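**Q**
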Amino acid sequence: MTLVPIETDGTSLLDGYRAVTGDGPIRVLEALARRLRGHRIVMVNSTSSGGGVAEILHRLVRLLLELGIPTTWEVMPGDQRFYAVTKSIHNALHGEPVTFGANETEIYEETNRRAAAEVALDGDLILIHDPQPAPFARLRRQPGQRWMWRCHIDLSRADPAVWNVVAGQLDWYDAAVFSHVSFVPRLVIPAYLAPPSIDPLSDKNRELSEEEEDALLAPYDLPRSRPIITQISRFDRLKDPLGVLEAFKLLRRQEDAHLVLAGGTADDDPEGAQVLEEVREAAAGRDDVSILALPNAHLLVNAFQRRSTVVVQKSLREGFALTVSEGLWKRRAVVASAVGGIPLQILHERTGLLVRSIEGCAYQMRRLLRSAPLRRRLGQNGREHVRDNFLHPREARDYLALFVRMLDHPNA
Amino acid sequence: MTSVGTFDLCTVAHLVRPTGRAAHDLETLLAMVGELSPAALFQHTIQHRLREPLGDEVVRDDLSFWVGGVAQDPETAERLAFAIGEHSTSADEVRSAIRAVLEAVPERARRARSVPEGGEFVFLEGESVVLPTGRTVVDVNDLHAALTEADNGVWFYHLIEEPWFQGRDAGLLGWLRALDRPLADTLASEGANGQPLESVRKKVLGRWRRRALPRRLVEATGRPDDVRRAEAREVMGRLARRVKSEGNS
Numbered sequence: 320m321t322l323v324p325i326e327t328d329g330t331s332l333l334d335g336y337r338a339v340t341g342d343g344p345i346r347v348l349e350a351l352a353r354r355l356r357g358h359r360i361v362m363v364n365s366t367s368s369g370g371g372v373a374e375i376l377h378r379l380v381r382l383l384l385e386l387g388i389p390t391t392w393e394v395m396p397g398d399q400r401f402y403a404v405t406k407s408i409h410n411a412l413h414g415e416p417v418t419f420g421a422n423e424t425e426i427y428e429e430t431n432r433r434a435a436a437e438v439a440l441d442g443d444l445i446l447i448h449d450p451q452p453a454p455f456a457r458l459r460r461q462p463g464q465r466w467m468w469r470c471h472i473d474l475s476r477a478d479p480a481v482w483n484v485v486a487g488q489l490d491w492y493d494a495a496v497f498s499h500v501s502f503v504p505r506l507v508i509p510a511y512l513a514p515p516s517i518d519p520l521s522d523k524n525r526e527l528s529e530e531e532e533d534a535l536l537a538p539y540d541l542p543r544s545r546p547i548i549t550q551i552s553r554f555d556r557l558k559d560p561l562g563v564l565e566a567f568k569l570l571r572r573q574e575d576a577h578l579v580l581a582g583g584t585a586d587d588d589p590e591g592a593q594v595l596e597e598v599r600e601a602a603a604g605r606d607d608v609s610i611l612a613l614p615n616a617h618l619l620v621n622a623f624q625r626r627s628t629v630v631v632q633k634s635l636r637e638g639f640a641l642t643v644s645e646g647l648w649k650r651r652a653v654v655a656s657a658v659g660g661i662p663l664q665i666l667h668e669r670t671g672l673l674v675r676s677i678e679g680c681a682y683q684m685r686r687l688l689r690s691a692p693l694r695r696r697l698g699q700n701g702r703e704h705v706r707d708n709f710l711h712p713r714e715a716r717d718y719l720a721l722f723v724r725m726l727d728h729p730n731a
Numbered sequence: 630m631t632s633v634g635t636f637d638l639c640t641v642a643h644l645v646r647p648t649g650r651a652a653h654d655l656e657t658l659l660a661m662v663g664e665l666s667p668a669a670l671f672q673h674t675i676q677h678r679l680r681e682p683l684g685d686e687v688v689r690d691d692l693s694f695w696v697g698g699v700a701q702d703p704e705t706a707e708r709l710a711f712a713i714g715e716h717s718t719s720a721d722e723v724r725s726a727i728r729a730v731l732e733a734v735p736e737r738a739r740r741a742r743s744v745p746e747g748g749e750f751v752f753l754e755g756e757s758v759v760l761p762t763g764r765t766v767v768d769v770n771d772l773h774a775a776l777t778e779a780d781n782g783v784w785f786y787h788l789i790e791e792p793w794f795q796g797r798d799a800g801l802l803g804w805l806r807a808l809d810r811p812l813a814d815t816l817a818s819e820g821a822n823g824q825p826l827e828s829v830r831k832k833v834l835g836r837w838r839r840r841a842l843p844r845r846l847v848e849a850t851g852r853p854d855d856v857r858r859a860e861a862r863e864v865m866g867r868l869a870r871r872v873k874s875e876g877n878s
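Top line first, the protein sequences correspond to chains A and B. Take any residue in the first sequence, note its place counting from 1, add 319, and you have its number in our numbering. Take any residue in the second sequence, note its place counting from 1, add 629, and you have its number in our numbering.
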């Protein structure tokens with residue numbers, strides 16, 4: 320089976336989003352849906368579970384169906400050899416060195432040929448996600464169809480040889496969509512930007528009652544009397560947890576606070592385990608720092624972010640860093656590095672504070688701890704900024720607007 | 630009364646495309662502003678009003694935000710922000726205003742204001758997807774009712790984007806001008822003054838209501854007593870509900 324069944328709990332997503340965003344954005348979606356009447360959308364990616372793309376597709380497809388647009392979601396079938404190859408492609412596009420030769424190219428091509436024959440592409444608007452099924456357009460494109468390729472990956476440091484394998488497939492598309500302008504490579508087709516988004520109705524972002532929050536955080540024994548500063552990120556050098564710790568040590572010369580560094584468990588990531596160990600070592604003997612290898616528990620992340628006085632994202636390099644939008648959505652004061660997609664989310668001094676150094680991070684954290692009105696102002700502005708720009712209905716709007724554009728201007 | 634027909638209200642969704650151009654100091658910014666398409670100028674000097682529609686504070690355009698925050702030239706940033714706010718009614722006007730501010734900075738200083746790698750100003754271009762809302766207005770009063778209910782996209786498109794690209798005599802403002810010129814001018818100037826969209830909405834609807842008061846009073850005096858009493862009761866009921874809800878909140 321390649322068709323992904325869309326689960327629904329009987330509630331209306333449209334009503335849920337309307338309650339969060341207000342009527343305006345939903346009316347725009349409805350206007351777009353009216354323009355797309357008579358058309359049929361097919362989404363294709365390589366997995367129905369795990370990862371951000373699958374998460375958003377579950378919501379997006381359900382939302383489009385509620386809007387009255389016939390939409391299906393197909394997952395391309397593959398085997399372990401194919402997944403090993405696409406993992407290599409993924410890593411190479413992120414700039415990591417990989418071995419990728421004729422054998423890998425052949426597995427990629429052959430699996431796509433077989434998968435493309437199995438998948439039902441019975442729509443006229445096809446949205447292909449990421450490199451795995453990119454050859455589908457070349458293999459299956461029919462007259463009258465519009466094909467869009469959605470790249471969720473940061474291509475700014477892509478290995479040119481591997482990128483060429485993927486780029487060679489894009490001539491058969493009408494347009495490509497990227498998360499951030501710095502991720503856009505040279506292309507012969509039009510490129511558009513659509514930042515990723517968070518789901519305000521998900522466990523990671525929904526409102527929590529104080530009782531829920533207390534129950535979730537009880538096992539972690541956080542101090543009630545001190546402000547909490549939190550960075551939630553993988554234990555990865557590029558997320559700079561050691562830099563956060565250094566900034567926190569500078570801050571503690573003058574301020575009372577407790578630092579939480581929390582990230583996913585690192586079982587399948589040898590470097591992550593090493594970074595976690597280094598951070599633990601650097602914080603050894605401190606009772607004002609909690610270093611937590613969290614399970615993949617969205618509610619827990621939600622509770623940590625909500626309990627925080629300041630949320631930090633002091634990355635050295637970033638893709639889009641949706642953890643920033645998650646913090647802003649919870650009205651937290653956020654201090655974050657001016658890298659990747661973060662400056663789109665943090666408008667300096669308006670929705671949060673941007674930093675470029677350890678000292679800068681310490682200074683801005685201190686400013687925030689000392690001024691509740693500043694925290695409130697940034698937190699409130701940040702929430703509104705996310706409401707207007709980084710929630711799922713906006714991402715859905717971008718895709719639908721692009722479909723309308725492609726239909727209106729087929730040769731754009 | 631002039632008969633000018635009906636008008637179909639639209640909303641808008643914007644797609645954003647990279648232009649492939651980037652400025653790394655004030656000198657390249659000046660050169661590129663001269664070559665930018667109207668859609669790119671619109672994206673960087675106007676579109677932020679839809680991205681950040683709330684609040685009473687005037688939000689900075691993308692260019693002055695970059696000049697102040699990244700190129701670290703607060704004085705030029707101030708001048709740019711003011712110039713863009715003052716001349717935000719067409720591409721030609723805003724282009725000239727930006728160039729005048731940047732040309733006033735000596736060339737050596739323009740080149741000295743360079744940014745580190747990764748800090749470049751990357752020019753984007755908007756593409757508008759204009760969408761009928763399905764709401765057709767027949768006269769000024771009907772327009773007031775429709776705009777009271779309309780979302781930010783409708784306000785942005787008809788009061789800001791449409792006149793910017795097509796001139797004040799086109800679209801909704803053109804239609805309204807044939808019916809009520811002073812009102813059309815009010816809408817045009819409020820739309821062009823750089824305020825956040827929510828403030829524009831509040832001001833325009835407030836002025837519209839105040840403007841309509843004398844007419845409504847005259848109309849009311851001509852109605853039968855029982856109708857006026859019923860209306861007065863309704864108004865008092867609304868006021869009581871408002872006072873009660875404010876007391877509860």
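Where is the CB? At the ideal position from N, CA and C, for every residue including glycine. Source: prediction; values computed, not measured.
CA-CA distance, Glu-641(B) and Thr-762(B)?
**A** Checking the sequence, you will find Val at residue 641(B) rather than Glu. About 9 Å.
**Q** Does DSSP classify Asp-328(A) as helix, strand or coil?
**A** Coil.
**Q** Looking at chain A, is there any beta carbon in it that lies within less than 9 Å of the beta carbon of Gly-782(B)?
**A** Yes, contact with chain A.
**Q** Where are the alpha helix (DSSP H) runs, 4 residues long or more, that stay fully inside the stretch 548-582 of chain A, in chain order?
**A** Runs found: 560-571.
**Q** Counting only the same chain and skipping the five closest in sequence on each side, list residues whose C-beta sits under 6 Å from that of Gly-519(A).
**A** Reading the sequence as shown, one finds Pro at residue 519(A) and not Gly. Correct list, in chain order: Val-339 and Leu-710.
**Q** Does the beta-carbon distance from Gln-672(B) to Val-645(B) come in below 9 Å?
**A** Going by C-beta atoms, Gln-672(B) is nearer than 9 Å to Val-645(B).
**Q** Rounded to whole angstroms, what's the CA-CA distance from Val-404(A) to Phe-419(A)? Just pull it up for me.
**A** Rounded to the nearest angstrom, the two C-alpha atoms are 8 Å apart.
**Q** Rounding to the nearest angstrom, what Cα-Cα distance links Pro-853(B) and Val-829(B) in this structure?
**A** Cα-Cα distance, rounded: 37 Å.
**Q** Pull out every residue of the stretch 704-727 of chain A whose Cβ sits closer than 9 Å to any Cβ of chain B, in chain order.
**A** The stretch 704-727 of chain A vs chain B, Cβ under 9 Å: His-704, Arg-706, Asp-707, Asn-708, Arg-716, Asp-717, Leu-719, Ala-720, Leu-721, Val-723, Arg-724 and Asp-727.
**Q** Does DSSP put Phe-883(B) in a helix, in a strand, or in coil?
**A** This structure cannot settle anything about residue 883(B), because the visible part of chain B is limited to 630 through 878.
**Q** What residues in its chain sit with their C-beta under 6 Å from that of Val-772(B), if we drop five residues either side in the sequence?
**A** For clarity, residue 772(B) is Leu in the given sequence; the question names Val instead. So the qualifying residues of the chain are Val-766.
**Q** Considering Gln-624(A), what are the terminal residues of the alpha helix (DSSP H) in which it resides?
**A** Looking at the DSSP string, the run of the alpha helix (DSSP H) that includes Gln-624(A) is 617-626.
**Q** According to DSSP, is Leu-692(B) part of a helix, a strand, or is it coil?
**A** Leu-692(B): helix per DSSP, three-state reduction.
**Q** So, Gly-487(A) versus Gln-451(A), is the Cβ gap smaller than 9 Å?
**A** Not a contact, by the Cβ cut-off of 9 Å.
**Q** Under a Cβ-count criterion, where at least 16 other Cβ atoms within 10 Å of its own Cβ denotes burial, should Ala-706(B) be classed as buried or exposed?
**A** Answer is buried; the Cβ neighbour count reaches 16.
**Q** Taking Ser-609(A) as the reference, which of Asp-555(A), Leu-719(A) and Phe-567(A) has the closest Cα?
**A** Taking only the C-alpha atoms, the option nearest Ser-609(A) is Phe-567(A).
**Q** In angstroms with no decimal places, state the Cα-to-Cα distance between Arg-650(A) and Thr-642(A).
**A** For Arg-650(A) and Thr-642(A), the distance between alpha carbons rounds to 13 Å.
**Q** Counting only beta-carbon separations shorter than 9 Å, does Glu-756(B) have a partner in chain A?
**A** Chain A, which has a Cβ nearer than 9 Å to the Cβ of Glu-756(B), makes this yes.
**Q** What's the C-alpha gap between Phe-636(B) and Asp-768(B)?
**A** Each residue's alpha carbon lies about 9 Å from the other.
**Q** Are the C-beta atoms of Val-594(A) and some chain B residue less than 9 Å apart?
**A** Judged by the 9 Å Cβ criterion, Val-594(A) is not in contact with chain B.
**Q** Given 8 Å as the limit, is there contact between the stretch 833-850 of chain B and the stretch 791-801 of chain B, that is, 3 or more CB pairs closer than that?
**A** Touching, no.
**Q** Should Arg-739(B) go down as buried or exposed, given a rule of 16 or more other Cβ atoms within 10 Å for buried?
**A** With 16 or more other Cβ atoms within 10 Å, it is buried.
**Q** Give a yes or no on whether the C-beta atoms belonging to Trp-468(A) and Ala-477(A) are separated by under 9 Å.
**A** No, they are not a contact pair.
**Q** In three-state DSSP terms, what is Ala-585(A)?
**A** A caution first: Ala-585(A) carries a pLDDT of 43, below 50, which makes its placement in the model unreliable, though a value can still be read off. If DSSP states are grouped into helix, strand and coil, Ala-585(A) belongs with coil.
**Q** Classify Arg-359(A) as helix, strand or coil using the three-state DSSP reduction.
**A** Coil, per DSSP.
**Q** Kindly indicate the opening and closing residues of the beta strand (DSSP E) around Met-467(A).
**A** Its beta strand (DSSP E) spans residues 465-470.
**Q** Which residues in the same chain have their Cβ closer than 7 Å to the Cβ of Phe-639(A), if we skip the five residues on either side of it in sequence?
**A** These residues qualify, in order along the chain: Ser-498, His-499, Pro-514, Pro-515, Gly-659 and Gly-660.
**Q** So which residues on chain B does Leu-351(A) lean against when the C-beta distance must stay under 9 Å?
**A** Ordered by position in chain B, the residues that pass the 9 Å Cβ test against Leu-351(A) are Ala-642, Val-758 and Leu-760.
**Q** Pull out every residue of the stretch 332-343 of chain A whose Cβ sits closer than 9 Å to any Cβ of chain B, in chain order.
**A** Per Cβ criterion, the list reads Gly-341, Asp-342 and Gly-343.
**Q** Considering only their Cβ atoms, is the gap separating Val-323(A) from Glu-393(A) smaller than 9 Å?
**A** Yes, Cβ-Cβ distance for Glu-393(A) and Val-323(A) is below 9 Å.
**Q** Taking only beta carbons into account, state which residues of the stretch 683-696 of chain A come closer than 8 Å to chain B, listed in chain order.
**A** Cβ contacts with chain B: none found.
**Q** Quick one: which residues of the stretch 715-746 of chain B get their C-beta closer than 8 Å to a C-beta of chain A? List them in chain order.
**A** Going along the stretch 715-746 of chain B in chain order, one finds no residue with a Cβ nearer than 8 Å to chain A.
**Q** If you reduce the DSSP assignment to three classes, tell me which class Leu-868(B) lands in.
**A** The answer is helix: DSSP assigns Leu-868(B) an H, G or I state.
**Q** Is the separation between the beta-carbon of Arg-432(A) and that of Leu-541(A) shorter than 9 Å?
**A** It is not a contact, given that the beta carbons lie outside the stated cut-off.
**Q** Would the stretch 384-391 of chain A and the stretch 353-368 of chain A be scored as touching if the rule is three or more Cβ pairs under 8 Å?
**A** In short, these stretches touch, since the Cβ pair count reaches three.
**Q** Taking 8 Å as the cut-off, does the stretch 796-807 of chain B touch the stretch 851-866 of chain B (at least 3 CB pairs, one atom from each stretch)?
**A** In short, these stretches do not touch, since the Cβ pair count stays below three.
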